[in-house]
Amino acid sequence: MTHPRWKPQQAALLRRRRSLLAPMFGDDCGIATASGADYQAWISPADRQRLAAVYEALDRIDRGNYGLCTGCGAAIDRVRLESIPWVRRCVVCEDRQGHAEQELEAA
Ligand SMILES: [Zn+2]
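Letter by letter, the sequence shown follows residues 0 to 106 of numbering that gives the first Met the number 0.
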């Protein structure tokens, strides 16, 4: 079950997933039921990474630990989650870990 609090983030993640998959599947065909692994071979490495981040975030919503930093466990800033719903880490950990993820987010 999705916590009502994360409904906007979940909707944004699903839109993101749809737009990443649209070049392969068209607008909606098969997307709702396919699992993450099924089409990984078909997309570019960069898109695969983005898609993996989206799936991971959706999974965290399901498991109830969405919005918590994977580095330090602190709650991630709400504004940050609104602008980058698939973000994994808080700004402090992000700074500490370098810029790989920032490039991913900016794309
Ligand atoms: Zn952190």
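Where a beta carbon is used, it is the ideal one built from N, C-alpha and C, also for glycine.
The model shown is predicted, which means the values in this text are computed figures rather than measured ones.
Query: Roughly how many angstroms separate the alpha carbons of lysine 6 and isoleucine 60, rounded to a whole number?; Result: 9 angstroms
Query: Need the endpoints of the alpha helix (DSSP H) that arginine 49 sits in, please.; Result: 44-62
Query: Can you find the residues in the same chain that come closer than 8 angstroms, C-beta to C-beta, to leucine 19, ignoring five residues on each side of it along the sequence?; Result: Ile42, Asp46, Arg49, Leu50 and Val53
Query: Identify the residues that DSSP records as bridge partners of leucine 67: which are they?; Result: Ala74
Query: Going by DSSP in three states, proline 22 sits in which element: helix, strand or coil?; Result: helix
Query: Strictly closer than 6 angstroms from CB to any heavy atom of ligand 1: give me those residues in the order they appear in the chain.; Result: Cys68, Gly70, Cys71, Ala73, Arg88, Cys89, Val91 and Cys92
Query: Go to cysteine 92, then tell me how far its alpha helix (DSSP H) extends in each direction, as first and last residue.; Result: 90-96
Query: Quick check: aspartate 76 and cysteine 92, are their CB atoms within less than 9 angstroms of each other?; Result: no
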